[in-house]
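Notes to accompany the following structure.
There are 2 protein chains.
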Amino acid sequence: MAVMLSRSSRQLCNVSLCTFALHKWRCYSAQGQIPSQVLDSFRAVVGNDNVSTGTSVRAQHGRDESVHSCRPPDAVLWPKCVEEVSELTRICHRHNIPIIPFGTGTGLEGGVVAMNGGVCFDLLKMDKILNLHEEDFDVTVEPGVTRTALNRYLRDSGLWFPVDPGADASLCGMAATSASGTNAVRYGTMRENVLNLEVVLSDGSVIHTAGKGRRARKTSAGYNLTNLFVGSEGTLGIITKTTLRLYGIPETIVSAVCSFPSVQAAVDSTVQILQCGIPIARIEFLDDVMIDACNRYSKLTYPVTPTLFLEFHGSECSLEEQVTATEEITKSNGGSEFSWARDQEMRNQLWKARHNAWYAALALRPGCQGYATDVCVPISKLPQIVMETKKDLEKHTLTGPIAGHVGDGNFHCLMVFNSADLEEVQRVHEFTKRLARRALALDGTCTGEHGVGLGKKQLLQEEVGHTGLKVMEKIKTVLDPQNLMNPGKIV
Amino acid sequence: MAVMLSRSSRQLCNVSLCTFALHKWRCYSAQGQIPSQVLDSFRAVVGNDNVSTGTSVRAQHGRDESVHSCRPPDAVLWPKCVEEVSELTRICHRHNIPIIPFGTGTGLEGGVVAMNGGVCFDLLKMDKILNLHEEDFDVTVEPGVTRTALNRYLRDSGLWFPVDPGADASLCGMAATSASGTNAVRYGTMRENVLNLEVVLSDGSVIHTAGKGRRARKTSAGYNLTNLFVGSEGTLGIITKTTLRLYGIPETIVSAVCSFPSVQAAVDSTVQILQCGIPIARIEFLDDVMIDACNRYSKLTYPVTPTLFLEFHGSECSLEEQVTATEEITKSNGGSEFSWARDQEMRNQLWKARHNAWYAALALRPGCQGYATDVCVPISKLPQIVMETKKDLEKHTLTGPIAGHVGDGNFHCLMVFNSADLEEVQRVHEFTKRLARRALALDGTCTGEHGVGLGKKQLLQEEVGHTGLKVMEKIKTVLDPQNLMNPGKIV
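So the sequence lines, in the order shown, correspond to chains A and B. Be aware that the first sequence starts at 1, since it is given in the UniProt record's numbering, and climbs by one per residue. Be aware that the second sequence starts at 1, since it is given in the UniProt record's numbering, and climbs by one per residue.
Printed below as a string of structure tokens:
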């Protein structure tokens, strides 16, 4: 697991450089210093104020919200437009310097850790919202625009962008990591909601994956480059614009909480709700440990039993239908009466509590570290995998409250452990591997939404097989022959 | 346009071979003969009965339903399982022989035309429906399974597969060409509905794009190979299995026909219906020429004015809501009362008429040839492009009834012309280019669903630009360095 890898010394990094050399990828000088004339070239492009080699700035950019230890880049640059990104990339290309794109740093698999040193492109100064087409339900944004900033901007238009991974991530970062989250069961993930990307390739050239300015709802014009770059975690290029599908804000929204006598009852209800074709907007599972943690952290009073947080979107009439059908199912599985959150304030409170599950879990053991696992299985396998995982946690005396987007078959164990206790770290490490392999054995994936990053490279190989991984490596090699784009991630 | 290209002589083919050589792709011998010992190797794999070099069999496999002239392969092979496909591919790889995968031959851009000779793999004998998971709404099918065969098989399960391009195409062929059609506005295209693919690569190796047997609803495990192969038109590999999302058959379905005083009124209604977020299942536009042709061909009596064919899916209650809201919109645009098709037989009759639009158009000028154009634009651009296109057809005295999946911004002119009249052929050629460029100028695509094939390679370059095309070429080169997989298509 990550936590082990991240403790590797500079020496280990050199070993990894060696491996890349075997792949015929030339690598950045191991000394980790950017020559001063190169720094001058960067300054000539973005100005003095937008180049930093300061220790604390570099440290801020060398890690995300995961357990992967900080590996700072050698410099941080703040380009302000695509032309600057392109020019900086050309300089890096000439001098063989790795590039790590950086948005809000809210990733969970170490995607921004500077494994081979190099420069970090902090893209938050590129924060324009461009070309809102209300009548076509699409908008184009630069990498500095976050999910909530876009939705604030859209508020008066009656439109919104529903993909919601919890964190207030940059939308281009969400495209790069194929983010999803609580609304994906109804509105899809970034894969279904990105219409076009502007990407700077490793040689500084700029492409538009669907052609410049294009925003047709569907196309069959050549290879689907858009979805090749969505989820490529910065390893194929730097996303500098994304064109997104938007949706009308639903006429009516209601949220509800339902408690269950057992995990099986909650998960069975989820499966049945989906099988009945109820177009539920969110269906989030929290196990007893998780709801207890949320109660304490967010000052709530829900019963400490397996729980579903639900949300329904639609017209008054269709909502009534959805709710009635859902209640029938939950009751038949022994679920409680619904506890309602009808107005915006109540709903916000509910979903804030859900999104704060991570911090609530951490608060269970103050001073400890957290690691959010992430697996996804076909929905019919959910009861089995959740039950087995609960037993596994218990058997190995680990703290890992379970929360998840069960409507997609996706869930997380929010592992909380004492990183100074190497024996416990080892137990967490083995548990997360077992969990991922349990998902693989049930036709699932080792990551539904957090990505591969640093932590899941071995599991990726197990998931897609040797020939599948070989194809990914070939694509990486042909688009980034010098292995400059976020090296050491995915492949 | 296709019709011109397709008349090119063997000499032109050699020119094209030459071009490929410049791209460092080795090519099949220009003499177009497969050595007898190679044919013997094929026979050793699939048996004598599954290898044919007969003229008529080859001719049947050298064209699709488009205007592209037949270019027969040098042999046709019928593998019966993925192992045979792999073994045959290895033989072709050793002997540098192009491979063209063939499903039902219902493509519309010349995707199966054997530009460089080679062998056709007719995949229809691989016709097993595998691993139906009713509880997870997914199924895996071999390439010989067509859309209607799958839906017949599913009938008693209460499930269906909605993507419906009209033709009874092979589902793996639909994946290869990124097909969509009438239901895409609600259920998405093949891109959104393929969960996994088994693909034989040019060296005979077999990959599963999402890992063998995997069928999680979402994944962020590495590059999205599934959507790289969806729409790759056989140029990156041979799809030998596809795992598809299924849907519950809607509780209630009703179809309706609505006539409008003008194109603008019909298209404005479409745009407003979508903008109101009505989850309409089908919304098909037919212009006056098209509805007249359909009336004649399918013995119907609809008013000869611009028309929408609509379909609503849902519960009784939600249907009523959808219909009421839609009627309000159509009436405010001067639309007629709805003419209803409520029972299955009536609905079948209606949609059969829509799907027979192609034959209805051809029947307008018996003995003439047809070419279905295909463009897609953001929905707000629809009124403008349809109006301009109608004027263009009129100005150049061309027969081109318009029909389209306007809910996606996608429509076709079904061009009917005398292929012996070279001046008319030229006018059609110029018109279709103008139409595609009109779509490009309005932020759209030169092909919403028919693909690039042979006919739109130049337009693809205009659409995605030089750097975009270069990326596609690189991917092609690295996955198929000998240019054996359906050469001459897309890139």
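From the three backbone atoms N, C-alpha and C, an ideal C-beta is built for every residue, glycine too. For clarity, every value in this text was computed on a predicted model and none was experimentally measured.
Asked, Found
"Whole-Å CB distance - Leu77(A) paired with Leu159(A), under 8 angstroms assumed", "The Cβ separation is near 33 angstroms, so there is no contact."
"Integer Cβ distance of Val199(A) from Ile238(A), believed to fall under 8 angstroms", "7 angstroms"
"Where the alpha helix (DSSP H) through Trp78(A) begins and ends", "No alpha helix (DSSP H) holds Trp78(A); DSSP gives it neither H nor E."
"Contact list for the region 192-226 of chain B against chain A, Cβ threshold 8 angstroms", "Glu192, Leu201, Ser205, Val206, Ile207, His208, Thr209, Ala210, Gly211, Lys212, Gly213, Arg214, Arg215, Ala216, Arg217, Lys218, Thr219, Ser220, Ala221, Gly222, Tyr223, Asn224 and Leu225"
"Where the region 385-416 of chain A meets chain B: residues whose CB sits under 7 angstroms from a CB there", "Asp408, Gly409 and Asn410"
"Contact set between Thr177(A) and chain B, taken where Cβ atoms lie within less than 8 angstroms", "Ser220"
"Listed by chain order, chain A residues near Thr467(B) by CB distance under 9 angstroms", "Leu201, Ser205, Val206, Ile207 and His208"
"Element boundaries [alpha helix (DSSP H), containing Met472(A)]", "Lys457 to Leu479"
"Limits of the unbroken alpha helix (DSSP H) element including Ser41(A)", "Ser36 to Val46"
"First through last residue of the alpha helix (DSSP H) which encompasses Glu328(B)", "Glu316 to Ser332"
"At least 3 beta-carbon pairs within less than 8 angstroms: the region 80-100 of chain B vs the region 478-488 of chain B", "yes"
"Three-pair Cβ contact test at 8 angstroms for the region 266-275 of chain B versus the region 159-171 of chain B", "no"
"CB contact below 8 angstroms: Gln275(B) versus chain A", "yes"
"N- and C-terminal bounds of the alpha helix (DSSP H) containing Leu244(B)", "No alpha helix (DSSP H) contains Leu244(B), which is instead part of the beta strand (DSSP E) from Ile238 to Arg245."
"Contact with chain B by Val163(A), beta-carbon distance below 8 angstroms", "no"
"Beta-carbon spacing of Ile34(A), Ala75(A) below 8 angstroms", "yes"
"Arg217(A) and Asp203(B) closer than 8 angstroms at C-beta", "no"
"Short CB-CB distance (under 8 angstroms) between Ala169(A) and chain B", "no"
"Close Cβ partners of Leu393(A) (< 6 angstroms) along its chain, the five nearest in sequence each way excluded", "Gly400"
"Start and end residues, alpha helix (DSSP H) containing Tyr359(A)", "Ala357 to Leu362"
"7 angstroms Cβ cut-off: residues of chain B touching Ser315(A)", "Glu321"
"Check whether Glu84(B) and Val38(B) have beta carbons under 8 angstroms apart", "no"
"Contact the region 249-259 of chain A vs the region 208-217 of chain A: 3+ CB pairs below 8 angstroms", "no"
"Sequence-distant residues of its chain with Cβ nearer than 8 angstroms to Val185(A) (five each side left out)", "Leu274, Ile280, Ala281, Arg282, Ile283, His405, Gly407 and Asp408"
"Amino acids of chain B, ordered along the chain, whose beta-carbon sits closer than 7 angstroms to that of Thr140(A)", "Residues of chain B passing the Cβ test: none, with the nearest at roughly 11 angstroms."
"Touch test, the region 115-128 of chain A against the region 137-150 of chain A, Cβ-Cβ under 8 angstroms, three pairs minimum", "yes"
"Distance CB(Leu469(A))-CB(Leu459(A)) smaller than 8 angstroms", "no"
"Segment contact, 8 angstroms Cβ cut-off, at least three pairs: the region 345-355 of chain A with the region 417-433 of chain A", "no"
"Thr140(B), enclosing beta strand (DSSP E) - first and last residue", "Asp138 to Val141"
"Beta-carbon proximity check, Gly111(B) vs Thr177(B), cutoff 8 angstroms", "yes"
"Closest residue to Thr219(B) among Leu236(A), Glu473(A) and Ala439(A) (Cα-Cα distance)", "Ala439(A)"
"Bridge partner(s) assigned by DSSP for Asn196(A)", "Thr243(A)"
"Buried or exposed (CB count within 10 angstroms, at least 16 for buried), Asp343(B)", "exposed"
"Cross-strand partners of Gly248(A) (DSSP beta bridge)", "Leu159(A)"
"Segments of 4+ residues assigned as alpha helix (DSSP H) that fall wholly inside the region 340-415 of chain B", "344-355, 357-362 and 382-395"
"CB of Asn227(A) within 8 angstroms of CB of Arg191(A), strictly", "yes"
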